[in-house]
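These protein sequences, in sequence, are chains A and E. Sequential numbering of the first sequence, starting at 9, is according to our numbering. Sequential numbering of the second sequence, starting at 9, is according to our numbering. We treat Cβ as the ideally placed atom computed from N, Cα and C, and that holds for glycine. In what follows, a structure is listed as structure tokens, so that the remarks can point back to it.
There are 2 protein chains.
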Amino acid sequence: MTQKQTTLPRHKTNRPTVSDQVLRKFTSYSVRRTASVIYADINRSLKHLGLRMISFSVLTMVARNPHIRQANLAEALGMERPNLVAIVNELQNVGWVIRIPDPTDRRAYGLRITTAGRNVLSKATAEANAHEAKVTQHLDDDERQILIRALKKIEDATKQGG
Amino acid sequence: MTQKQTTLPRHKTNRPTVSDQVLRKFTSYSVRRTASVIYADINRSLKHLGLRMISFSVLTMVARNPHIRQANLAEALGMERPNLVAIVNELQNVGWVIRIPDPTDRRAYGLRITTAGRNVLSKATAEANAHEAKVTQHLDDDERQILIRALKKIEDATKQGG
DNA sequence: TATTGTTATACTCTATAACTATA
DNA sequence: TATAGTTATAGAGTATAACAATA
Numbered sequence: 009m010t011q012k013q014t015t016l017p018r019h020k021t022n023r024p025t026v027s028d029q030v031l032r033k034f035t036s037y038s039v040r041r042t043a044s045v046i047y048a049d050i051n052r053s054l055k056h057l058g059l060r061m062i063s064f065s066v067l068t069m070v071a072r073n074p075h076i077r078q079a080n081l082a083e084a085l086g087m088e089r090p091n092l093v094a095i096v097n098e099l100q101n102v103g104w105v106i107r108i109p110d111p112t113d114r115r116a117y118g119l120r121i122t123t124a125g126r127n128v129l130s131k132a133t134a135e136a137n138a139h140e141a142k143v144t145q146h147l148d149d150d151e152r153q154i155l156i157r158a159l160k161k162i163e164d165a166t167k168q169g170g
Numbered sequence: 009m010t011q012k013q014t015t016l017p018r019h020k021t022n023r024p025t026v027s028d029q030v031l032r033k034f035t036s037y038s039v040r041r042t043a044s045v046i047y048a049d050i051n052r053s054l055k056h057l058g059l060r061m062i063s064f065s066v067l068t069m070v071a072r073n074p075h076i077r078q079a080n081l082a083e084a085l086g087m088e089r090p091n092l093v094a095i096v097n098e099l100q101n102v103g104w105v106i107r108i109p110d111p112t113d114r115r116a117y118g119l120r121i122t123t124a125g126r127n128v129l130s131k132a133t134a135e136a137n138a139h140e141a142k143v144t145q146h147l148d149d150d151e152r153q154i155l156i157r158a159l160k161k162i163e164d165a166t167k168q169g170g
């Protein structure tokens with residue numbers, strides 16, 4: 009290699025590289041670091057469709073569970089009921105989801121995806137699959153499986169251990 | 009087993025269980041779900057010491073890298089410089105970290121941990137280790153290793169693929 | 001001209017209390 | 001008395017622009 013270093017600005021070569029390796033051993037730290045970058049990235053990938061990860065999740069769940077109630081949906085997604093309202097409003101306003109009054113309980117609504125909703129969901133799912141392939145490109149099948157299962161185990165252990 | 013179901017309130021048995029299994033296949037979703045519960049939990053574990061995960065991370069990094077600059081520290085922790093200011097202020101106000109003017113650069117400060125800082129850090133590290141043991145209690149050593157490495161690979165792939 | 005630390009600011013995400021209408 | 005959906009609100013966390021002092 010020719011000595012490329014001399015072409016770098018002095019302040020770049022002078023800045024020491026600091027590693028967070030010690031903190032990476034803590035699952036809480038590692039998971040959080042990864043979550044923050046991957047979350048920003050999936051949101052960028054979905055933005056052109058008018059979706060974020062959370063609204064994509066809601067749309068997916070509604071498509072798979074016709075007439076699901078908001079309270080039930082919020083619980084499944086691990087979020088608080090009040091925070092779901094704005095997201096469902098958003099999806100309803102663009103015509104991808106509708107609130108259908110529950111005939112047996114006048115307090116409740118059943119959520120349903122519309123044809124237009126299925127349309128964007130199809131595109132969004134393709135986008136999410138491509139994103140998944142990109143971010144896990146350096147993992148083999150074993151690693152992917154273990155990762156997903158380990159995350160679930162950690163979540164469950166964290167919840168029960170309170 | 010005797011039929012315990014009849015003792016449960018009717019609204020509990022009537023509420024259907026909705027699964028997010030389809031979404032769990034997306035790393036972005038799984039990582040995020042786990043991050044949110046584990047992050048809240050580690051913060052609860054550290055609260056009695058007057059620390060959060062972020063301030064614990066800062067304290068750990070300062071202890072391991074005496075005279076580190078804030079810009080360098082922020083970069084290592086994957087956060088923006090302005091957001092580090094309040095945290096360092098916090099740690100300095102309670103006397104766990106001090107800002108020492110850099111003799112060679114009057115714009116900069118070198119961060120150093122104090123004796124009191126080392127004291128809480130020691131307790132906090134024990135707390136973090138106990139927390140780690142708790143949340144990963146159902147993982148074997150292979151799973152733990154693969155998890156941490158996979159998360160780093162994903163983070164790197166996400167960053168570069170931008 | 002670029003960098004360090006800083007201020008101000010805004011936007012997202014998350015959590016809680018409390019309301020209404022029903023059950 | 002409890003639940004479904006909602007409103008309002010407050011607290012974290014995160015990101016960007018811009019400033020003064022200095023390199």
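Original post:
Going by alpha carbons, who is nearest to E:A79 out of E:I108, E:L92, E:F34, E:N51?
Top reply: As a working mapping, residue 79 of chain E is identified with position 71 in the second sequence. Selected option, being the one with the closest Cα: E:L92.
**OP:** Would you verify that the beta carbon of E:H56 is, or is not, closer than 8 Å to some beta carbon of chain A?
**Re:** For the purposes of this step, residue 56 of chain E is identified with residue 48 of the second sequence, where counting begins at 1. No, its Cβ sits nowhere closer than 8 Å to a Cβ of chain A.
Original post:
Should A:H75 go down as buried or exposed, given a rule of 16 or more other Cβ atoms within 10 Å for buried?
Top reply: Residue 75 of chain A sits at position 67 when you count from the first residue of the first sequence. By the neighbour-count rule (16 or more Cβ atoms within 10 Å), A:H75 is not buried but exposed.
Subject >> Coarse secondary structure for A:R107, derived from DSSP in three states >> reply: The sequence position of residue 107 of chain A within the first sequence is 99, counting from 1. In the displayed model, A:R107 falls within a strand according to three-state DSSP.
Original post:
In whole angstroms, what separates the C-alpha of A:V30 from that of A:V70?
Top reply: As a first step, residue 30 of chain A is located in the first sequence; it is residue number 22 there, counting from the start. As a first step, residue 70 of chain A is located in the first sequence; it is residue number 62 there, counting from the start. Distance between the alpha carbons of A:V30 and A:V70 is about 42 Å.
Original post:
From which residue to which residue does the alpha helix (DSSP H) around E:R120 run?
Top reply: Residue mapping note: residue 120 of chain E aligns to position 112 of the second sequence, counting from 1. No alpha helix (DSSP H) contains E:R120, which is instead part of the beta strand (DSSP E) from 117-121.
**OP:** Note down, in chain order, all residues in the stretch 32-59 of chain E with a beta-carbon under 8 Å from any beta-carbon belonging to chain A.
**Re:** R32, K33, F34, T35, S36, Y37, S38, V39, R40, R41, T42, A43, S44, V45, I46, Y47, D49, I50
**OP:** Please say whether A:V105 and A:L54 have beta carbons closer to each other than 8 Å?
**Re:** For the purposes of this step, residue 54 of chain A is identified with residue 46 of the first sequence, where counting begins at 1. For the purposes of this step, residue 105 of chain A is identified with residue 97 of the first sequence, where counting begins at 1. Contact flag unset, no.
Original post:
Of all the CB atoms in chain A, is at least one closer than 8 Å to the CB of E:N91?
Top reply: On the second sequence, residue 91 of chain E is found 83 positions in, with the first residue counted as 1. Output row for E:N91: interface = no.
Original post:
Taking buried to mean at least 16 other C-beta atoms within 10 Å of its own C-beta, is A:N73 buried or exposed?
Top reply: One-based indexing of the first sequence puts residue 73 of chain A at position 65. It is buried - the Cβ of A:N73 has at least 16 other Cβ atoms within 10 Å.
**OP:** Return yes when the Cβ of E:L57 is within less than 8 Å of the Cβ of E:A132, no when it is not.
**Re:** Mapped onto the second sequence, residue 132 of chain E falls at position 124. Mapped onto the second sequence, residue 57 of chain E falls at position 49. A contact, by the Cβ cut-off of 8 Å.
Subject >> Where E:N73 meets chain A, residues with beta-carbon distance less than 7 Å >> reply: The residue you call residue 73 of chain E lines up with position 65 of the second sequence. V26, listed in chain order.
**OP:** Determine, using beta carbons only, whether E:K131 comes closer than 8 Å to chain A.
**Re:** To locate residue 131 of chain E, count along the second sequence from 1; it is residue 123. Chain A, which has no Cβ nearer than 8 Å to the Cβ of E:K131, makes this no.
Original post:
Residues of chain A with CB under 7 Å from E:S65, in chain order?
Top reply: Numbered from 1 along the second sequence, position 57 holds the residue referred to as residue 65 of chain E. L31, Y37, listed in chain order.
Original post:
Which term fits E:I62, buried or exposed, when burial requires 16 or more other beta carbons within 10 angstroms of its beta carbon?
Top reply: Locating residue 62 of chain E in the second sequence gives position 54, where the first residue counts as 1. Buried: at least 16 other Cβ atoms inside 10 Å.
**OP:** Check distances from the C-beta atoms of the stretch 141-169 of chain A to those of chain E and list, in chain order, the residues that come in under 9 Å.
**Re:** Those would be K142, V143, T144, Q145, H146, L147, D150, E151, R152, I154, L155, I156, R157, A158, L159, K160, K161, I162, E163, D164, A165, T166, K167, G169, in chain order.
Subject >> When E:L159, E:A116, E:T25, E:R157 are compared against E:R89, the one with the closest alpha-carbon >> reply: The sequence position of residue 89 of chain E within the second sequence is 81, counting from 1. Nearest to E:R89 by alpha-carbon distance, out of E:L159, E:A116, E:T25, E:R157, is E:A116.
Subject >> Opening and closing residue of the alpha helix (DSSP H) in which E:S27 lies >> reply: As a working mapping, residue 27 of chain E is identified with position 19 in the second sequence. First-last for E:S27: undefined, no H or E at that position.
Original post:
Can you list the alpha helix (DSSP H) stretches of 4 or more residues lying completely in the stretch 31-81 of chain A, in chain order?
Top reply: 35-55, 61-72
Subject >> Residues near A:P109 in its chain [Cβ-Cβ closer than 7 Å; skip 5 each side] >> reply: Working through the first sequence from its first residue, we reach residue 109 of chain A at position 101. Non-local beta-carbon contacts of A:P109 in its own chain, meaning distances under 7 Å to residues more than five positions away in sequence, involve Y117 in chain order.
**OP:** Below 8 Å CB to CB, which residues in the same chain sit around A:T122 once its five sequence neighbours on both sides are set aside?
**Re:** On the first sequence, position 114 is the one that residue 122 of chain A refers to. Counting only Cβ-Cβ distances below 8 Å, and skipping sequence neighbours, we find G103, W104, V105, I106.
Subject >> Three-state class that DSSP yields for E:H139 in the structure shown >> reply: Along the second sequence, read from residue 1 onward, the residue named residue 139 of chain E stands at position 131. Three-state DSSP puts E:H139 in a helix.
Subject >> 8 Å Cβ cut-off: residues of chain A touching E:A136 >> reply: Locating residue 136 of chain E in the second sequence gives position 128, counting from the first residue. For E:A136, the C-beta contacts it makes with chain A under 8 Å involve F34, S36, in order along the chain.
Original post:
In whole angstroms, what is the alpha-carbon distance linking E:P24 and A:G86?
Top reply: Here the question's residue 24 of chain E lines up with position 16 in the second sequence. Here the question's residue 86 of chain A lines up with position 78 in the first sequence. Here the C-alpha atom of E:P24 lies approximately 15 Å from the C-alpha atom of A:G86.
Original post:
Is it the case that the Cβ atoms of A:I46 and E:K33 are separated by a distance below 8 Å?
Top reply: As a working mapping, residue 46 of chain A is identified with position 38 in the first sequence. As a working mapping, residue 33 of chain E is identified with position 25 in the second sequence. No, the Cβ-Cβ distance between A:I46 and E:K33 is not below 8 Å.
Original post:
Helix or strand or just coil, what does DSSP make of A:G169?
Top reply: Here residue 169 of chain A refers to the residue found at position 161 when the first sequence is read from its first residue. A:G169 falls in the helix class under three-state DSSP.
**OP:** Provide the residue span of the alpha helix (DSSP H) that contains E:Q145, from first to last.
**Re:** Counted from its first residue, the second sequence places residue 145 of chain E at position 137. Run containing E:Q145: none; DSSP gives neither H nor E here.
**OP:** Check each candidate in E:D148, E:E135, E:L159 and name the one with the smallest Cα separation from E:F64.
**Re:** Here residue 64 of chain E refers to the residue found at position 56 when the second sequence is read from its first residue. The residue with the shortest Cα to Cα distance from E:F64 is E:E135.
Subject >> Three-state secondary structure assigned by DSSP to E:D113 >> reply: Taking the second sequence and counting its residues from 1, the one referred to as residue 113 of chain E is at position 105. Here E:D113 sits in coil by DSSP.
Original post:
Quick one: Cα of E:S36 to Cα of E:E83, how far?
Top reply: Numbered from its first residue, the second sequence carries residue 36 of chain E at position 28. Numbered from its first residue, the second sequence carries residue 83 of chain E at position 75. Approximately 23 Å, taken between the alpha carbons.
Original post:
When we look at the beta-carbon of A:R126 and count the other beta-carbons within 10 Å, is it buried (16 or more) or exposed?
Top reply: The sequence position of residue 126 of chain A within the first sequence is 118, counting from 1. Classification for A:R126: exposed.
Subject >> Distance between beta carbons of E:I162 and A:T42, contact taken as under 8 Å >> reply: The sequence position of residue 42 of chain A within the first sequence is 34, counting from 1. The sequence position of residue 162 of chain E within the second sequence is 154, counting from 1. Indeed they touch by this definition, with Cβ atoms about 6 Å apart.
Original post:
CB A:T166 to CB E:V143, shorter than 8 Å?
Top reply: In the first sequence, counting from the first residue as 1, residue 166 of chain A sits at position 158. In the second sequence, counting from the first residue as 1, residue 143 of chain E sits at position 135. Cβ atoms of A:T166 and E:V143: closer than 8 Å.
**OP:** Locate the alpha helix (DSSP H) running through A:E98, then write down its first and last residues.
**Re:** Translated into the one-based positions of the first sequence, residue 98 of chain A becomes position 90. Its alpha helix (DSSP H) spans residues 89-101.
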